[in-house]
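Q: The sequence shown maps to residues 127 to 281 in this note's numbering. We put the CB at the ideal spot given by N, CA and C, even for glycine.
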Amino acid sequence: MKPGNRQLTVFRSFLGQCPPTVLGMLLVWLMVPNTTSMKSSEIQDDGTKLSRVDFPGSLILVVAMITFLLPMELGGVICPWSHPVIATLVGCFVVASLMFILVETRVAKEPILSLSLMTSWEILLPNTVMFCQSAAQLGVSPLILSLCIFLTLHR
């Protein structure tokens, strides 16, 4: 394979994705109304704005994400899946997830993720479709890139 062929394939992929992205950004800029103007009665100082942030929920969500991703990274590569570290991290993920749900439903005045949204079909269905589409693209993209490299090598 010539040194520039792989870069050329990635560049062509970028050129194929760039115009629709720019068009989408332009359409959003033109079509979505600006609703950020605040009335003088709604203007708050920095102290009250900072008090509205859900710090406990944010911290627990970070812990839950890290304890979910670490076993995926470590398992089968650095240590076997049956290792106690993997089981401990999975257990910590379950506990942190339950704590996050508890904090968001009972403690937080303004939760970072309103769990009531998960019961609305208008929210749940598009997010499920987006998740499936992203998973399919992430699973298929390396195959397409491998096929492009294979076809380039065997011309």
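1. Helix, strand or coil: how does DSSP classify M127 here?
2. For the 8 angstroms Cβ check, are there 3 or more pairs between the segment 233–245 and the segment 173–185?
3. Could you work out which residue in H209, I192, M244, G201 is closest to V220 when comparing CA atoms only?
4. Looking at L200: is its Cβ nearer than 8 angstroms to the Cβ of V211?
5. Give the range of the alpha helix (DSSP H) segment to which G217 is assigned.
6. Look at the Cβ atom of L187, then the Cβ atom of F140, and state whether they are nearer than 8 angstroms.
7. If you draw a straight line from the alpha carbon of M127 to that of P197, how long is it in whole angstroms?
A: Inspection of the coordinates gives the following:
1. The predicted position of M127 is uncertain, since its pLDDT is 48 and thus under 50; a value taken from the coordinates is nonetheless stated next. The answer is coil: DSSP assigns M127 none of H, G, I, E or B.
2. Contact between the segment 233–245 and the segment 173–185 is present: three or more C-beta pairs spanning the two stretches fall below 8 angstroms.
3. Of the candidates H209, I192, M244, G201, I192 places its Cα closest to the Cα of V220.
4. Contact: yes.
5. Residues 210–228.
6. The answer is no: Cβ separation not under 8 angstroms.
7. At M127 the pLDDT is 48, less than 50, meaning the model places this residue with poor confidence and gives no usable figure here.
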